[in-house]
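The sequence shown lines up with residues 11 to 493 when you count with this note's numbering. Positions of the beta carbon are idealized from the N, C-alpha and C atoms, including for glycine. Below: one structure, written as structure tokens.
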Amino acid sequence: MIHLKAIGKIMGALLFLIGVLMLPAAAISWLYSENSNPIMISAAISLFIGMVLFFSFSKQDEFVRKREGYLIVALSWIFMTGFGMLPFLLSKEIVSVSDAIFETMSGLTTTGASILTDIEVMPKGLLFWRSMTQWIGGLGIIVLTVAIFPLLGIGGIELFVAESPGPTSDKVHPRISETAKRLWYVYVGLTLLASLLYWAGGMTLYDAVNHGLTTMATGGFSTKNASMAYYDAYPFIQYTAVVFMFLAGTNFTLIYFGLIGKFHRILKSDEFKSYALAVGMLTLILFIPIVSQSDYGWEFSFRKAIFQVVSLITTTGFVTDDYTQYGQGVTFICFMLLFLGASAGSTAGGIKFVRHATFLKNTWLEFKRIVHPRAIVPLIINGERVTGRIINNIMNFLLIYLITFVGGSLVISLMGYDFATSLGAVATCLGNVGPAIGDVGPVDNFSFFSPEAKLMLSFLMLLGRLELFTILILFTPFFWRAN
Numbered sequence: 011m012i013h014l015k016a017i018g019k020i021m022g023a024l025l026f027l028i029g030v031l032m033l034p035a036a037a038i039s040w041l042y043s044e045n046s047n048p049i050m051i052s053a054a055i056s057l058f059i060g061m062v063l064f065f066s067f068s069k070q071d072e073f074v075r076k077r078e079g080y081l082i083v084a085l086s087w088i089f090m091t092g093f094g095m096l097p098f099l100l101s102k103e104i105v106s107v108s109d110a111i112f113e114t115m116s117g118l119t120t121t122g123a124s125i126l127t128d129i130e131v132m133p134k135g136l137l138f139w140r141s142m143t144q145w146i147g148g149l150g151i152i153v154l155t156v157a158i159f160p161l162l163g164i165g166g167i168e169l170f171v172a173e174s175p176g177p178t179s180d181k182v183h184p185r186i187s188e189t190a191k192r193l194w195y196v197y198v199g200l201t202l203l204a205s206l207l208y209w210a211g212g213m214t215l216y217d218a219v220n221h222g223l224t225t226m227a228t229g230g231f232s233t234k235n236a237s238m239a240y241y242d243a244y245p246f247i248q249y250t251a252v253v254f255m256f257l258a259g260t261n262f263t264l265i266y267f268g269l270i271g272k273f274h275r276i277l278k279s280d281e282f283k284s285y286a287l288a289v290g291m292l293t294l295i296l297f298i299p300i301v302s303q304s305d306y307g308w309e310f311s312f313r314k315a316i317f318q319v320v321s322l323i324t325t326t327g328f329v330t331d332d333y334t335q336y337g338q339g340v341t342f343i344c345f346m347l348l349f350l351g352a353s354a355g356s357t358a359g360g361i362k363f364v365r366h367a368t369f370l371k372n373t374w375l376e377f378k379r380i381v382h383p384r385a386i387v388p389l390i391i392n393g394e395r396v397t398g399r400i401i402n403n404i405m406n407f408l409l410i411y412l413i414t415f416v417g418g419s420l421v422i423s424l425m426g427y428d429f430a431t432s433l434g435a436v437a438t439c440l441g442n443v444g445p446a447i448g449d450v451g452p453v454d455n456f457s458f459f460s461p462e463a464k465l466m467l468s469f470l471m472l473l474g475r476l477e478l479f480t481i482l483i484l485f486t487p488f489f490w491r492a493n
């Protein structure tokens, strides 16, 4: 039996939190003499319904098991999208419900795909809320609530397991609430530092804060139509973005260990080493055609190459160049980057390097097992033996990911869109990246899709952000059967 009262109480706390987080955006509207009513009304609705739900079930048993954990995570993203899109609809800056769902889901899942055709004419308060949705979704709203739920008398271990991105067991503290708090300290600290450096580099304070929020969230929403290409004349800003995108794509537990001086934890991480090596090699591969086919010069070409590689691998989606102009080879490489993802335990989407590393190492060892069938050949990742259960989980994930990509591409293509656009749209939404290929390249947007296609792509964003199983398990009959 699923404890619905516990779920209602937690949904109430989440909605209250969303309402509180809308208030800074309302303050921005007021500071810039804009109409703050749409955001204030949205905040009031979220706060009111949140309090009603929370206090209606405050005296109930809030026992949360694994089933409730997965259901809460799935419902929380649906609730957040439903209430998070209210400022767009009430302001009438986005009039279509499907458009509002797409834009809000893209923000909360840190995908960065957009239906907006002219970002710079949008009210600053709404753009700030748009950036906030990515920051909220970056490390995961559930991790935040795990940190504060003990204050509300609500346990959170099952929520953390369901929400925590990637197959990683690293913990910075044995108590789950302390782990969540320390990860958020790192997240907030790096966001503030990135914002200050952007400001020092030449951005306005408003733009710096917005880009600081979306950089650390690996979201990619910008306040400029040209994205980060707007700052081509500011090398410091673009290199700052590269550094913080790379950090945001790193396992946050490794960043924490680095901050407290435990550098050996970083050095023994196979995932981090493969992540850094991939960035270096791919930057070189892209640098060669860019410098040879353009008149950018060596430094500018290098900056274009490393920026785009880091942006795509970390699934941030900031843009400084149209990579499709350098030929089919570069376009294909950038398309394949949509399937990498960065590190598990980071704010990045995608498959994650640890899964790729596990798959490749296990495949290589399988040849050895064929030659020596009686030998015990363990799979070692990060200095630890990987169990058969984890290997099986990763193999299943990769298979389901491939099936979802193929099936989603088929559905979108049957809706009337060309082959490249269908593949690109599904790959970038499932991987939570943003730019892709076809008609959704780095200088395009998603406004031309039909309402049905936008809803389909929004669902794929949610699937990718919650790493497939959390959502798909809800469609299995045994999930709903009573124990």
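Within the same chain, no residue comes within 8 Å of E376 by CB-CB distance, once the 5 residues on both sides are set aside. Counting every other CB atom within 10 Å of its CB across the protein chains shown gives K278 a total below 16, marking it as exposed. DSSP places E477 outside both helix and strand once states are collapsed to three, so it counts as coil. One alpha carbon belongs to C439, the other to T121, and they sit about 6 Å apart. Here R395 carries a strand assignment [DSSP, helix/strand/coil]. Annotation for N372: the continuous alpha helix (DSSP H) segment containing it runs 363–381. Contact between G147 and T119 is confirmed by a C-beta separation of about 6 Å, below the 8 Å threshold. At least 8 Å separates the beta-carbon of G79 from that of G29.
Annotation: S108 to P461 spans about 5 Å, alpha carbon to alpha carbon. Residue environment for P487: exposed (fewer than 16 other C-beta atoms within 10 angstroms of its C-beta). If one requires a minimum length of 4 residues, the alpha helix (DSSP H) runs lying completely within the segment 413–451 are 429–440, in chain order.
Residues F297, I300, V301, S304 of the same chain have their beta carbon placed closer than 8 Å to that of S311, with the five preceding and five following residues left out of the count. Under the DSSP definition of a beta bridge, I390 partners with R395.
Counting C-beta pairs with one atom in each stretch, the segment 322–339 and the segment 366–373 have fewer than three that are closer than 8 Å, which means they do not touch. Comparing alpha-carbon positions, the option among S423, L31, A258, I247 lying closest to T326 turns out to be A258. Comparing C-alpha distances from V196 to each of T480, L31, S356, T397 shows the shortest one belongs to S356. Per DSSP, V329 lies in no alpha helix (DSSP H) and is assigned neither H nor E.
Annotation note: the segment 192–251 contains the following uninterrupted alpha helix (DSSP H) runs of length 4 or greater, listed N- to C-terminal: 215–226. Between F231 and S141, the beta carbon gap of about 6 Å places them in contact (Cβ cut-off 8 Å). Ranked by how close their Cα comes to the Cα of Q335, the residues F89, G448, L408 have G448 in first place. For the alpha helix (DSSP H) assignment, the uninterrupted runs of no fewer than 4 residues enclosed by the segment 287–363 are, from N- to C-terminal side, 308–323, 338–347.
Comparing C-alpha distances from V252 to each of L264, M238, A123 shows the shortest one belongs to M238. Pairing A437 with F415 gives a Cβ-Cβ distance under 8 Å. Between A288 and F138, the alpha-carbon positions lie close to 33 Å from each other.
Per DSSP, the continuous alpha helix (DSSP H) segment holding T143 begins and ends at 134–149. Taken in chain order, the whole alpha helix (DSSP H) runs of length 4 or more contained in the segment 27–80 are 47–66. Across the set M115, R313, D332, G360, the C-alpha of G360 shows the shortest separation from the C-alpha of T324. Between L136 and S101 the beta-carbon gap is near 6 Å, inside 8 Å, which marks them as a contact. Here S457 is exposed. Its C-beta has fewer than 16 other C-beta atoms within 10 Å. Spatial neighbours of Y240 in its own chain (CB-CB distance under 6 Å, excluding positions within 5 residues in sequence) are listed in chain order as K234. For the 8 Å CB-CB criterion, M471 and S116 form a contact.
Under the three-state reduction of DSSP, E103 is assigned to coil, being neither helix nor strand. Cβ neighbours of I483 within its own chain (closer than 8 Å, five residues either side excluded): Y80, F489. Around the beta carbon of N47, fewer than 16 other beta carbons lie within 10 angstroms, which makes this residue exposed. Here DSSP, grouped into helix, strand and coil, assigns H274 to helix.
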